[in-house]
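Using the UniProt record's numbering, you'd call the opening residue of the sequence shown number 1 and step up by one each time.
Don't be surprised by glycine CBs; every beta carbon is placed ideally from N, CA and C.
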Amino acid sequence: MQIAAISGVAGVSETALRPAAGATAAPGQGFGKLVDEMVSKVSDLQVQADQSIQSLATGQGKGLHEVMIAVEKASLSFQMLTQVRNKAVEAYQEIMRMPV
Numbered sequence: 001m002q003i004a005a006i007s008g009v010a011g012v013s014e015t016a017l018r019p020a021a022g023a024t025a026a027p028g029q030g031f032g033k034l035v036d037e038m039v040s041k042v043s044d045l046q047v048q049a050d051q052s053i054q055s056l057a058t059g060q061g062k063g064l065h066e067v068m069i070a071v072e073k074a075s076l077s078f079q080m081l082t083q084v085r086n087k088a089v090e091a092y093q094e095i096m097r098m099p100v
């Protein structure tokens with residue numbers, strides 16, 4: 001039985017995690033840029049979820065299921081971003097505990 005990889009989870013595509021072809025970033029900028037992009041995508045998803053909630057409350061064209069999907073996407077992407085932050089902080093703390 002073969003299990004396929006999940007792609008596009010929480011609004012972040014696989015291509016967003018790979019460096020662009022021919023791109024040369026200064027050391028340390030790659031991860032920072034990736035985190036920056038993730039934060040902006042999470043923010044965009046939360047804005048979209050808020051807009052869909054407002055459109056549901058005012059009775060404009062969105063169905064309840066579409067609103068719930070948008071809210072869950074925003075929630076999952078925020079949880080993923082929080083976990084990435086937690087892992088980065090743990091890694092930093094582990095490096096600081098290393099003897100010199």
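Residue i vs residue j beta-carbon contact at 9 Å
i: SER52; j: VAL67; result: yes
i: LEU64; j: LEU76; result: no
i: ALA74; j: GLN46; result: yes
i: MET38; j: VAL71; result: no
Backbone secondary structure at residue i - three-state DSSP
i: VAL100; result: coil
i: LYS73; result: helix
i: LYS62; result: coil
Bounding residues of the alpha helix (DSSP H) (the contiguous stretch that carries residue i)
i: LYS33; result: 29 to 58
Buried or exposed by the 16-neighbour rule on C-beta atoms within 10 Å, applied to residue i
i: ALA88; result: exposed
i: ALA91; result: exposed
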